[in-house]
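Quick mapping for you: the protein sequence lines, in order, are chains A and B. Residue 1159 in my numbering sits at position 28 of the first sequence, with consecutive numbering throughout. Residue 48 in my numbering sits at position 10 of the second sequence, with consecutive numbering throughout. Glycine included, each C-beta is placed from N, C-alpha and C at the ideal position. These notes are about the structure you will find just below.
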Amino acid sequence: EAGVVQSPRYKIIEKKQPVAFWCNPISGHNTLYWYLQNLGQGPELLIRYENEEAVDDSQLPKDRFSAERLKGVDSTLKIQPAELGDSAVYLCASSSLATETQYFGPGTRLLVL
Amino acid sequence: GNSVTQMEGPVTLSEEAFLTINCTYTATGYPSLFWYVQYPGEGLQLLLKATKADDKGSNKGFEATYRKETTSFHLEKGSVQVSDSAVYFCALNAGGTSYGKLTFGQGTILTVHP
């Protein structure tokens, strides 16, 4: 069974540029999460989807961050414009309704110059 | 609010040594507790979990017991290997209105030398 797929794995951009991250969850997983992991810290939840609906986006900085999960499968997280402080690893995870265990992708490492 | 505190690292051990990584938590209600491991260049992998008080999670020789009286979930392994070198994260899912949101500790770097 394929795991959570994320792309790109690495991204380097200049500040004020836009950037987008893509995630494909494990097949059949209804719930999808985006987490932010700063260096030396544990991940922090940005947004949680149940199918197409964002059920918890309270930690998402909505002035520059946006996310979508059209058709309730894969998802895109966007930053526009990026700031130096956005340099971090962006993790995607998914889970099924039958279990609370979250399965994580490898992450996208973003560097903003 | 909910929070997880892990012992500060890094932790450096020789192969076959005993490992303990302390984890304590603050949460309302009855959270589920998890240990995740992150190997270099890889995503987080679930190592073990426990969903109620006195439950013991175990996997790959690692164990942790959910202690509600001390709000702890310490990770232990009797004999570590070089391949156990990784970052270990303790996490909780508080449930209720926070269901689905994992709250993580800051992580503990473990290095095992031959």
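Tell me the DSSP secondary structure of residue i in three-state form.
{"i": "S121/B", "result": "helix"}
{"i": "G1216/A", "result": "helix"}
{"i": "G1203/A", "result": "helix"}
{"i": "I147/B", "result": "strand"}
{"i": "G1173/A", "result": "coil"}
{"i": "N97/B", "result": "strand"}
{"i": "R1195/A", "result": "coil"}
{"i": "Q1190/A", "result": "coil"}
{"i": "A91/B", "result": "coil"}
{"i": "F72/B", "result": "strand"}
{"i": "L84/B", "result": "strand"}
{"i": "F1152/A", "result": "strand"}
{"i": "Q1168/A", "result": "strand"}
{"i": "L1222/A", "result": "strand"}
{"i": "K2/B", "result": "With chain B running from 39 to 152 in the structure shown, residue 2/B is simply not present."}
{"i": "Y126/B", "result": "strand"}
{"i": "A177/B", "result": "This structure does not reach residue 177/B, given that chain B is present from 39 up to 152, and the question cannot be answered."}
{"i": "I1157/A", "result": "coil"}
{"i": "S1227/A", "result": "coil"}
May I have the straight-line CA-CA distance separating residue i from residue j, to the nearest angstrom?
{"i": "T108/B", "j": "T62/B", "result": "8 Å"}
{"i": "G143/B", "j": "E1145/A", "result": "31 Å"}
{"i": "V150/B", "j": "P1237/A", "result": "23 Å"}
{"i": "T1239/A", "j": "F56/B", "result": "34 Å"}
{"i": "Y137/B", "j": "V75/B", "result": "21 Å"}
{"i": "L84/B", "j": "L140/B", "result": "12 Å"}
{"i": "A102/B", "j": "Y1180/A", "result": "30 Å"}
{"i": "Y1234/A", "j": "K1209/A", "result": "21 Å"}
{"i": "L1215/A", "j": "V1243/A", "result": "5 Å"}
{"i": "P1139/A", "j": "Y104/B", "result": "37 Å"}
{"i": "E53/B", "j": "V118/B", "result": "6 Å"}
{"i": "L130/B", "j": "N40/B", "result": "8 Å"}
{"i": "N1182/A", "j": "R1200/A", "result": "8 Å"}
{"i": "K1193/A", "j": "T89/B", "result": "33 Å"}
{"i": "P152/B", "j": "T1232/A", "result": "33 Å"}
{"i": "L148/B", "j": "L82/B", "result": "15 Å"}
Residues of chain A with CB closer than 7 Å to the CB of residue i, please, in chain order.
{"i": "F100/B", "result": "The contacting residues do not exist; F100/B stays about 16 Å from chain A at best."}
{"i": "F127/B", "result": "G1173"}
{"i": "S70/B", "result": "E1231"}
Under 8 Å Cβ-Cβ, which residues of chain A neighbour residue i?
{"i": "E80/B", "result": "P1237"}
Anything in chain B within Cβ reach of residue i, meaning under 8 Å, just list it in chain order.
{"i": "G1171/A", "result": "Q144 and G145"}
{"i": "L1208/A", "result": "By Cβ distance, chain B contributes nothing, its closest Cβ being about 15 Å from L1208/A, past 8 Å."}
{"i": "L1222/A", "result": "G81 and L82"}
Could you list which residues in chain A have their beta carbon closer than 9 Å to that of residue i, in chain order?
{"i": "G138/B", "result": "T1162, Y1164, L1176, R1179, E1181, V1186, D1187, S1226, E1231 and Q1233"}
{"i": "K87/B", "result": "E1231 and T1232"}
{"i": "N131/B", "result": "E1231 and Q1233"}
Give the range of the beta strand (DSSP E) segment to which residue i is assigned.
{"i": "E114/B", "result": "L113 to K115"}
{"i": "L1242/A", "result": "T1239 to V1243"}
{"i": "I1143/A", "result": "Y1141 to I1144"}
{"i": "I59/B", "result": "L57 to I59"}
{"i": "V42/B", "result": "S41 to Q44"}
{"i": "V1136/A", "result": "V1136 to S1138"}
{"i": "T1232/A", "result": "T1232/A -> no beta strand (DSSP E), and no H or E assigned at all."}
{"i": "T141/B", "result": "L140 to F142"}
Under 7 Å between C-beta atoms, does residue i make it to chain E?
{"i": "Y68/B", "result": "Absent from the structure is chain E; the protein chains it does hold are A and B."}
message: Three or more C-beta pairs under 8 Å: does that hold for the stretch 82-99 of chain B against the stretch 1136-1143 of chain A?
response: no
query: On the three-pair Cβ rule with 8 Å, is the stretch 1159-1166 of chain A touching the stretch 61-77 of chain B?
result: no
task: Examine the Cβ distances between the stretch 120-131 of chain B and the stretch 39-47 of chain B and report whether three or more of them are shorter than 8 Å.
output: yes
task: Examine the Cβ distances between the stretch 112-120 of chain B and the stretch 1213-1227 of chain A and report whether three or more of them are shorter than 8 Å.
output: no
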